[in-house]
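Numbering (the working numbering), first residue to last: 39 to 258.
C-beta atoms are modelled at their ideal positions from N, C-alpha and C, and glycine is treated no differently.
Beneath this line is the structure, given in structure tokens, with notes to follow.
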């Protein structure tokens with residue numbers, strides 16, 4: 039293996055738990071419970087276009103709500119919570135080990151550069167990756183589970199697919215990596231662990247569970 043490609047949301051930075059916590063706070067203000075399982079489908083499963091948390095809240099309370107205001111407030115709460123999130127366990131160790139092994143590193147994310155680049159800079163990780171591939175870099179509608187992000191990463195890294203390991207936290211990410219023909223390690227977070235995964239080569243509860251050198255031996 040010569041290269042590693044990392045997802046961003048939920049893999050490098052836990053942006054998904056704050057998302058849930060923000061909606062839970064808003065739902066609690068209306069004395070109803072937020073359906074975490076339904077939200078999980080948006081994060082990386084098959085139902086990404088089938089659940090709108092604001093509309094669902096409106097249905098639960100049985101009266102009209104300002105949907106735009108709900109989404110705006112949730113976004114502000116979410117961003118505030120994310121600002122306090124650290125890098126997820128094992129990530130920095132993997133990046134350090136990869137550099138010692140002269141491996142190429144990339145991020146491949148379905149989020150836009152404005153989101154990914156900002157947070158990578160805040161975390162002090164922007165300079166750790168050779169390439170950062172985001173939703174802006176592929177045609178609309180061609181993010182995960184489509185393979186385009188990973189295919190572009192392979193092209194920009196100038197490496198063959200059989201020399202790469204992808205790290206993903208969601209079923210859609212795993213599907214995208216497999217569609218690109220790449221070895222994939224699933225590392226579900228508390229939100230995506232509720233979803234059904236299929237096709238990963240290895241599954242870990244955290245990157246801190248298995249050092250990179252040991253993973254490379256398993257992948258060879």
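(request) Within its chain, find whatever has a CB closer than 8 Å to the CB of residue 247; leave out the 5 residues flanking it on each side and keep chain order. (result) If you number the chain shown from 1, residue 247 lands on position 209. Result list for residue 247: 128, in chain order.
(message) Helix, strand or coil, according to DSSP, for residue 54 in the structure here?
(response) Mapped onto the chain shown, residue 54 falls at position 16. Residue state, collapsed to three classes: helix.
(request) Compare the C-alpha of residue 176 against each of 167, 168, 50, 190 and name the closest. (result) In the chain shown, residue 176 corresponds to position 138, counting from 1. It is 190.
(message) Using a 10 Å radius around the Cβ and a threshold of 16 neighbouring Cβ atoms, would you call residue 251 buried or exposed?
(response) As a first step, residue 251 must be located in the chain shown, where it is residue number 213. The residue is exposed, with fewer than 16 neighbouring Cβ atoms inside 10 Å.
(request) Sort 214, 208, 199, 89 by Cα distance to residue 230 and report the nearest one. (result) To locate residue 230, count along the chain shown from 1; it is residue 192. Out of 214, 208, 199, 89, 208 has the C-alpha closest to the C-alpha of residue 230.
(request) Look up residue 203 in the DSSP assignment and say whether it is helix, strand or coil. (result) In the chain shown, counting from the first residue as 1, residue 203 sits at position 165. Residue 203: strand per DSSP, three-state reduction.
(message) Can you give me the C-alpha to C-alpha distance between residue 249 and residue 255, rounded to a whole angstrom?
(response) Your numbering for residue 249 matches position 211 in the chain shown. Your numbering for residue 255 matches position 217 in the chain shown. Distance between the alpha carbons of residue 249 and residue 255: 10 Å.
(message) Distance check for residue 95 and residue 200, CA to CA, integer angstroms please.
(response) Translated into the one-based positions of the chain shown, residue 200 becomes position 162. Translated into the one-based positions of the chain shown, residue 95 becomes position 57. Whole-angstrom Cα-Cα distance: 46 Å.
(request) Tell whether a beta-carbon distance below 8 Å holds between residue 119 and residue 59. (result) Translated into positions along the chain shown, residue 119 becomes position 81. Translated into positions along the chain shown, residue 59 becomes position 21. Against a cut-off of 8 Å, the Cβ pair of residue 59 and residue 119 comes out as a contact.
(message) So, for residue 111: in the same chain, excluding its five sequence neighbours on each side, which residues have a beta-carbon less than 7 Å away from its beta-carbon?
(response) Along the chain shown, one-based indexing puts residue 111 at 73. The answer, listed in chain order, is 64.
(request) Could you tell me if residue 49 is buried or exposed, where buried requires 16 or more neighbouring beta carbons within 10 angstroms of its beta carbon? (result) For the purposes of this step, residue 49 is taken as the residue at position 11 of the chain shown. Classification for residue 49: buried.
(request) Give every residue of the same chain whose Cβ lies closer than 7 Å to the Cβ of residue 116, excluding the five residues on either side of it in the sequence, and list them in chain order. (result) Against the chain shown, residue 116 aligns to sequence position 78. Closer than 7 Å at Cβ, skipping near neighbours: 56, 57, 60.
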